[in-house]
Structures are given as structure tokens and as C-alpha cells.
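Peer 1: This is the structure I want to talk about, given as C-alpha cells.
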Amino acid sequence: MALILNLVIPGAGLMLRGRYWLGFALAMLFALAANVAIAGWLVAPVAIPRIYSWTASIIAVMTWVLAQVLIVRHPSSPADAEPAVGTLLEQAQDAMSRRDWTAARTAIDAALELNQENAEMNDLRARVNTLAGPESGVDPAAPNVRKSSDQAPAAD
């Protein structure tokens with residue numbers, strides 16, 4: 023269903039698969055470019071310069087192609103990404119056992135890119151940040167936020 027919908031309205035299939043902002047952005051870019059192209063070629067060809075019509079047409083086609091590529095590359099559901107997430111989980115646990123925090127964070131971040139709602143990976147990320155200690159520059163209470171070297175001034 024998502025593939026067919028994405029063929030008609032580029033980006034709509036991505037929204038069905040959980041990539042809301044990417045799908046919305048592609049749909050809006052396609053709609054804007056297609057409307058300008060239609061206006062330039064059919065509605066008011068004398069009033070709109072040809073360069074605008076050509077540019078809008080090229081952007082519309084490129085947006086449509088990009089939406090099709092992204093829908094094919096994005097798994098249809100988080101369950102489809104679970105084998106890859108499982109492999110990355112094992113890599114992260116191996117890196118943690120070697121106390122290689124950078125490798126553990128890299129594996130966890132890659133797994134979270136596939137499935138941000140994986141509770142086990144989010145918990146593992148928080149544990150890595152806690153075990154890495156303050157020298158890592160990461161606040162254990164906020165696992166996805168790095169500490170800034172500049173401290174905010176105290177409120178008076």
C-alpha cells in the first residue's frame with residue numbers, strides 16, 4: 023500500500039512507514055515544484071519565464087525519484103530491522119565488555135537509527151554513558167545530549 027501511495031504522492035508512503043517529517047518535506051517540495059511547473063507550462067506559459075518552468079520540472083522529477091528510492095531503502099516496519107538491530111546489540115555488548123565506549127556508542131547509535139523505539143538499545147545507551155564517566159563529556163541523565171564546554175551563567 024505504501025509503495026503504491028508513494029508512486030502517486032511522493033512522500034506519502036514514507037509517512038505511512040513512520041518517516042513523517044521526511045515524507046512531509048518531500049510531499050511539500052513535490053507539490054510546490056509540480057504546481058509551478060504546471061503553471062509555467064500550461065496555465066500561464068507567457069507570464070512565467072521558461073527557466074522557472076524547467077527548474078520546477080527538474081525539481082519535481084528529482085523529488086519523485088528520491089521519494090521512490092527512500093521508500094525502497096526504508097524497511098516497511100521496525101520488525102524488519104530487528105535482525106540488524108540484534109547484530110548491532112551484540113556488537114555494542116562486546117564493545118562494552120572490552121570497555122571500548124566509542125565502539126559501543128557507535129553500534130548503539132546505528133541501531134537507534136534503524137529503530138528509535140527499541141527500549142533495550144535506549145537503556146544500553148544510558149548504561150554506556152553512565153559507565154563511560156564524566157571524562158566522556160556525556161550527561162548520563164540525558165543519554166542523547168552532549169555536555170557543552172561552556173557553562174550557562176548562574177541565575178541571580
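Throughout, this note's numbering is defined as the position within the sequence shown, counted from one, plus 22.
All C-beta atoms in this analysis are idealised placements derived from N, C-alpha and C, irrespective of residue type, glycine included.
Return the Cβ separation of A114 and L146 in integer angstroms, given the expectation that the two are a contact with Cβ distance under 8 Å.
Peer 2: Counting from 1 along the sequence shown, the entry for residue 114 is found at position 92. Counting from 1 along the sequence shown, the entry for residue 146 is found at position 124. 6 Å between Cβ atoms; contact.
Peer 1: In whole angstroms, what is the alpha-carbon distance linking L153 and R120?
Peer 2: The residue you call residue 153 lines up with position 131 of the sequence shown. The residue you call residue 120 lines up with position 98 of the sequence shown. Looking at the two C-alpha atoms, the distance is approximately 12 Å.
Peer 1: How would you write the range of the alpha helix (DSSP H) that Q90 sits in, first residue to last?
Peer 2: The residue labelled residue 90 in the question sits at position 68 within the sequence shown. Its alpha helix (DSSP H) spans residues R72 to R95.
Peer 1: Does the pairing of the region 83-91 with the region 48-55 give three or more beta-carbon distances under 8 Å?
Peer 2: Because the criterion of three Cβ pairs below 8 Å is met, the region 83-91 and the region 48-55 touch.
Peer 1: Terminal residues of the continuous alpha helix (DSSP H) containing I60?
Peer 2: To locate residue 60, count along the sequence shown from 1; it is residue 38. DSSP places I60 inside the alpha helix (DSSP H), whose first and last residues are Y42 to I60.
Peer 1: Going by Cα to Cα distance, which pick from G40, V68 and A24 is closest to Q18?
Peer 2: Examination of residue 18 is not possible in this model, given that the chain is present from 23 through 178 alone.
Peer 1: Which of the three DSSP states is assigned to L111 in this structure?
Peer 2: Position 89 of the sequence shown holds residue 111. Looking at L111 - three-state DSSP - the assignment turns out to be helix.
Peer 1: Just tell me which of L54, W63 and A61 has its CA closest to the CA of M84.
Peer 2: By one-based count along the sequence shown, residue 84 stands at place 62. The option with the nearest alpha carbon to M84 is L54.
Peer 1: Locate the alpha helix (DSSP H) running through M37, then write down its first and last residues.
Peer 2: Taking the sequence shown and counting its residues from 1, the one referred to as residue 37 is at position 15. Segment A34 to L38, the alpha helix (DSSP H) holding M37.
Peer 1: Can you list, in chain order, the residues of its chain with a C-beta nearer than 8 Å to that of A129? Leave out the 5 residues immediately preceding and following it.
Peer 2: For the purposes of this step, residue 129 is taken as residue 107 along the sequence shown, with counting starting at 1. Excluding sequence positions up to five before and after A129, its CB lies within less than 8 Å of the CB of L110, L111, Q113, A114 and A117, all in the same chain and listed in chain order.
Peer 1: Once you ignore the five residues that flank L207 on each side, which residues in its own chain have a CB closer than 8 Å to its CB?
Peer 2: Shown here, the chain extends from 23 to 178; a query on residue 207 therefore has no answer.
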